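See structure below.
Chains as they are written, first to last, in this note's numbering: chain A, 181 to 453; chain B, 56 to 285.
This is how it looks when you write it as C-alpha cells:
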C-alpha cells in the first residue's frame, strides 16, 4: 500500500511561486480571484538587526484521517488511491463543510462563474466542467504515470520532495525525521473529537516560525455534523420503531373496540325505546 | 339507503393539502439524500446529488407558495380559526390520547366521550407544529440559498448555524408528519370506518366516524345540512 505525500523543506523555499504556476498550468485551475491549490506565504520574523524573511508553501496536506472527508455529507470528498484526498466533482454540492473545517484553508469554491471562465480560458473539455469545491489532487494522474506532482517537478529550490511514506528511501528517511506536521492536534480540535491527530502526509521542515496562517473553524459545522446528522437518523429510526410497535399492540384490539361500539349502539337504542 | 357522510374538506383544502404533501415528501426525500450519508442512495434515481439539491430548492419554493396561495382560496381563515381554538375538552383529550394510543380498547369509551370539533386536539397541535417548523425550515432554507450562491468562505460559520437549525427543523417536521401519516393510514382504531386518508381525498367523512371522534363538528354539520347520503 502506498501512502503518497511530500516533505516540504521551508528552509530552502525561495518564494518564487513556480509551484503555484506549475499547478495551474498542469491542472487548468483558476489563476483568477485568488483561487489556487497551492501558494507561498511569506513572513518577516525577528527584530532588527536579527531579521529574516521566511517562505512557506500552503497546500492540502492529505491527512490519513481527514476532517474534510469526515464532514462531507455526500461522499464527494473521499480518500483515493495512495491515500490522496480527492473530490468527486459530480457529487459535490458546494455546501462548504470541507472548506470550513480545513485548518489549512486548502480548499476553495469553484463557482459557476469560475466554470464559465475556465471554459473560456482552457476550452470546453477542461476537467472543471461543473461547479465544485476544488483542492490539490497531488497530481495523482501524474503519479499513476510514474511522474512526480507538477509542483515537485518544477520546484527551483528542490524544497518539495515527493515521498511514499510506506517506502521511504534512506535520504528521505533522514529528512522525514526532521519533518513535522504544520499544525498540531489542538489546531484541529473540536468539541466532539477533542485534539485528534489527522496524520497529515505532507510534512514540513521548519527552523523558524510558521508562515502559513491557521484558520479558525466555527462551532456550527461540528454541531451540524456530529449532532444533527445522528439525531436525524436516530429520531426517524426511533419513531418508525415506536409506530411499528404501536401497530403490533393495537391491531388485535380493534375487535374489542368494535364490540364496545356495538354495545354503545344497543344501549342508545334501549334508551330511545 | 346509502351510507351517511359529513362534508368535511372543501376541494380547495384538498388541493392545497395534497400539493403540500407532494412538496413536503419531496423535500424530505431530496434533503435526506445529501444530508445523511447513509441515505445517499436516494439521489441516484434523480440523477445525482446536484439534481437532488436543485429539486429541493424548487420544492422549497412550492412548499412556501402553497400556504400563501391558500390564503386566497375560499374560506381559508375559517379552518385556521378552528385549528387555533382550544377549549377544556382539548385539554382532556390530550390527557387521554397517550393512553388511548397504546391501549385503545381500554380507553376507547373515554376518548369518544370527549366531544371534539372539526379538528381533534392532536390535529390542532399538528397544525401549529407544522406551521412553526415549516416556517423555521422555510426562513433558514431561503437564507441558506442566498448564502450558498455567494460562495463566501467568510459566511460559512453563519451558514452552518443556519444549516443546523434547518436540519433540526426538517427532522422534527418529518417526525411529526410520520406520526400524522401513521394516524391517517395505519393506526387501526382510526381505520375502522375505512381509510381515514380517504376523507382528505373525497372530502367526505363517514358520519359514524365523525359522530364518535368529532361530535361537536358532527352536530354542527347536522344543523347546517352538511350530512349527505351516498
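Don't be surprised by glycine CBs; every beta carbon is placed ideally from N, CA and C. Since this is a predicted model, take the numbers as computed values, not measurements.
Check distances from the C-beta atoms of the stretch 78 to 91 of chain B to those of chain A and list, in chain order, the residues that come in under 9 Å.
-> Against chain A - using a Cβ distance shorter than 9 Å - the residues of the stretch 78 to 91 of chain B are 87, 88, 89, 90 and 91.
Could you say which of A:275, A:244 and A:235 lies nearest to residue 254 (chain A) if we only look at CA atoms?
-> By 1-based counting over the first chain, the position of residue 254 (chain A) is 74. The shortest C-alpha separation from residue 254 (chain A) is found at A:275.
Shortest alpha-carbon distance to residue 364 (chain A) belongs to which of A:243, A:233, A:219 and A:184?
-> Your numbering for residue 364 (chain A) matches position 184 in the first chain. The residue with the shortest Cα to Cα distance from residue 364 (chain A) is A:243.
Hey, residue 269 (chain B) and residue 173 (chain B): beta-carbon distance below 8 Å or not?
-> Working through the second chain from its first residue, we reach residue 269 (chain B) at position 214. Working through the second chain from its first residue, we reach residue 173 (chain B) at position 118. Remark: C-beta atoms of residue 269 (chain B) and residue 173 (chain B) approach each other more closely than 8 Å.
Starting from the N-terminal side, write out each stretch of the beta strand (DSSP E) that is 3 residues or longer and does not extend beyond the stretch 206 to 267 of chain A.
-> Scanning the stretch 206 to 267 of chain A from its first residue to its last, the whole beta strand (DSSP E) runs of 3-plus residues come out as 219 to 227, 230 to 238, 257 to 259 and 265 to 267.
If you draw a straight line from the C-alpha of residue 196 (chain A) to the C-alpha of residue 233 (chain A), how long is it?
-> Numbered from its first residue, the first chain carries residue 196 (chain A) at position 16. Numbered from its first residue, the first chain carries residue 233 (chain A) at position 53. So the two alpha carbons sit approximately 13 Å from each other.
How would you call residue 280 (chain A), buried or exposed, if buried means at least 16 neighbouring beta carbons within 10 angstroms?
-> For the purposes of this step, residue 280 (chain A) is taken as the residue at position 100 of the first chain. So residue 280 (chain A) ends up on the buried side.
Residue 220 (chain A) to residue 321 (chain A), Cα distance in whole Å?
-> Here residue 220 (chain A) is taken as the residue at index 40 of the first chain, counted from 1. Here residue 321 (chain A) is taken as the residue at index 141 of the first chain, counted from 1. Distance between the alpha carbons of residue 220 (chain A) and residue 321 (chain A): 23 Å.
Report all residues from its chain with a CB closer than 6 Å to the CB of residue 266 (chain B); omit the five preceding and five following residues, and keep chain order.
-> Stepping through the second chain from its first residue, residue 266 (chain B) is reached at position 211. Excluding sequence neighbours, residue 266 (chain B) sits near 273.
Should residue 199 (chain B) and residue 217 (chain B) be called a contact, given that it needs their Cβ atoms to be closer than 8 Å?
-> Taking the first residue of the second chain as 1, we reach residue 199 (chain B) at position 144. Taking the first residue of the second chain as 1, we reach residue 217 (chain B) at position 162. Result yes, Cβ atoms of residue 199 (chain B) and residue 217 (chain B) sit closer than 8 Å.
Alpha carbon of residue 123 (chain B) to alpha carbon of residue 108 (chain B), nearest angstrom | On the second chain, residue 123 (chain B) is found 68 positions in, with the first residue counted as 1. On the second chain, residue 108 (chain B) is found 53 positions in, with the first residue counted as 1. Using only the alpha carbons, I get a separation of about 23 Å.
Cβ-Cβ separation, residue 261 (chain A) to residue 378 (chain A) (assumed contact under 8 Å), whole Å | Counting from 1 along the first chain, the entry for residue 378 (chain A) is found at position 198. Counting from 1 along the first chain, the entry for residue 261 (chain A) is found at position 81. Actually they do not touch by this definition, with Cβ atoms about 19 Å apart.
May I ask whether a heavy atom of the ligand ZN can be found less than 7 Å away from the beta carbon of residue 411 (chain A)?
-> With respect to the ligand ZN, the structure shown offers nothing to examine, as it has no ligands at all.
By Cβ distance below 7 Å, which residues in the same chain neighbour residue 252 (chain A) in space, the five residues on each side in sequence not counted?
-> Walking along the first chain from the start, residue 252 (chain A) turns up at place 72. If we look at residue 252 (chain A) and ignore the five residues flanking it on each side, its Cβ neighbours are 277 and 278.
Residue 306 (chain A) in three-state terms, based on DSSP | The residue you call residue 306 (chain A) lines up with position 126 of the first chain. Coil at residue 306 (chain A), not helix or strand.
Mind checking residue 189 (chain B): buried by the 16 CB within 10 Å criterion, or exposed?
-> Position 134 of the second chain holds residue 189 (chain B). Counting Cβ neighbours within 10 Å, residue 189 (chain B) comes out buried, since at least 16 surround it.
Roughly how many angstroms separate the alpha carbons of residue 420 (chain A) and residue 430 (chain A), rounded to a whole number?
-> Taking the first residue of the first chain as 1, we reach residue 420 (chain A) at position 240. Taking the first residue of the first chain as 1, we reach residue 430 (chain A) at position 250. Each residue's alpha carbon lies about 15 Å from the other.
Can you find a CB in chain A that lies within less than 8 Å of the CB of residue 175 (chain B)?
-> As a position in the second chain, residue 175 (chain B) is number 120, starting the count at 1. No - not a single Cβ of chain A is within 8 Å of the one on residue 175 (chain B).
Have a look at residue 375 (chain A) and residue 132 (chain B) and give me their C-alpha separation to the nearest angstrom.
-> Position 195 of the first chain, counting from 1, holds the residue named residue 375 (chain A). Position 77 of the second chain, counting from 1, holds the residue named residue 132 (chain B). A straight-line Cα-Cα distance of about 55 Å links residue 375 (chain A) and residue 132 (chain B).
Runs of alpha helix (DSSP H) wholly within the stretch 173 to 213 of chain B (minimum 4 residues, chain order) | As for any alpha helix (DSSP H) of minimum length 4 sitting wholly inside the stretch 173 to 213 of chain B, the runs are 176 to 205, ordered along the chain.
According to a CB-to-CB cut-off of less than 8 Å, which residues of the stretch 408 to 436 of chain A neighbour chain B?
-> 408, 409, 411, 412, 413, 415, 416, 419, 420, 423, 426, 427, 429, 430, 431, 433, 434 and 436
Close-in-space but distant-in-sequence residues of the same chain around residue 214 (chain B) (CB under 7 Å, 5 per side omitted) = Residue numbering aside, residue 214 (chain B) sits at position 159 when the second chain is read from its first letter. Beyond the five residues adjoining it in sequence on each side, residue 214 (chain B) comes within less than 7 Å, by CB distance, of 199 and 202 in the same chain, given in chain order.
Endpoints, the beta strand (DSSP E) within which residue 185 (chain A) is located = By one-based count along the first chain, residue 185 (chain A) stands at place 5. In the DSSP annotation of this structure, the continuous segment of the beta strand (DSSP E) that includes residue 185 (chain A) starts and ends at 184 to 189.
Touching or not, the stretch 405 to 419 of chain A and the stretch 219 to 233 of chain B, by the rule of three or more beta carbon pairs under 8 Å?
-> yes
Go ahead and pull the three-state DSSP assignment for residue 410 (chain A).
-> By 1-based counting over the first chain, the position of residue 410 (chain A) is 230. The DSSP-derived three-state label of residue 410 (chain A) is helix.
Can you give, in chain order, each stretch of the alpha helix (DSSP H) that sits fully within the stretch 230 to 280 of chain B and has at least 4 residues?
-> 252 to 257, 262 to 268 and 270 to 279
Three-way DSSP call (helix, strand, coil) for residue 374 (chain A) in this model | Position 194 of the first chain, counted from the start, is the residue given in the question as residue 374 (chain A). Residue state, collapsed to three classes: strand.
Taking only beta-carbon positions, decide if residue 191 (chain B) is within less than 8 Å of chain A.
-> In the second chain, the residue the question calls residue 191 (chain B) occupies position 136. Output row for residue 191 (chain B): interface = no.
Rounded C-alpha distance that separates residue 106 (chain B) from residue 217 (chain A) | Taking the first residue of the second chain as 1, we reach residue 106 (chain B) at position 51. Taking the first residue of the first chain as 1, we reach residue 217 (chain A) at position 37. C-alpha separation (whole angstroms): 27 Å.
Collapsed DSSP secondary structure at residue 14 (chain B) in the structure displayed = Here chain B has residues from 56 to 285 only, and residue 14 (chain B) is not among them.
Where the beta strand (DSSP E) containing residue 322 (chain A) begins and where it ends | Position 142 of the first chain holds residue 322 (chain A). Run containing residue 322 (chain A): none in the beta strand (DSSP E); it sits in the alpha helix (DSSP H), 320 to 323.
Top-ranked residue by Cα proximity to residue 259 (chain A), from A:448, A:452 and A:317 | If you number the first chain from 1, residue 259 (chain A) lands on position 79. Considering only alpha carbons, the answer is A:317.
Alpha carbon to alpha carbon, how far is residue 142 (chain A) from residue 244 (chain B)?
-> Residue 142 (chain A) cannot be examined here, being either before or after the span of chain A that is shown, 181 to 453.
I think residue 174 (chain A) touches residue 199 (chain A), with their Cβ atoms under 8 Å apart; what is that distance to the nearest whole Å?
-> Look at the range of chain A in this structure, 181 to 453, and you will see that residue 174 (chain A) is not part of it.
Taking 8 Å as the CB-CB cut-off, is residue 209 (chain A) touching chain D?
-> Absence of chain D from the displayed structure is noted, the protein chains being A and B.
Determine the contact status of residue 143 (chain A) and residue 188 (chain A), defining contact as a CB-CB distance below 8 Å.
-> In this structure chain A extends from 181 to 453, so residue 143 (chain A) is not present and cannot be described.
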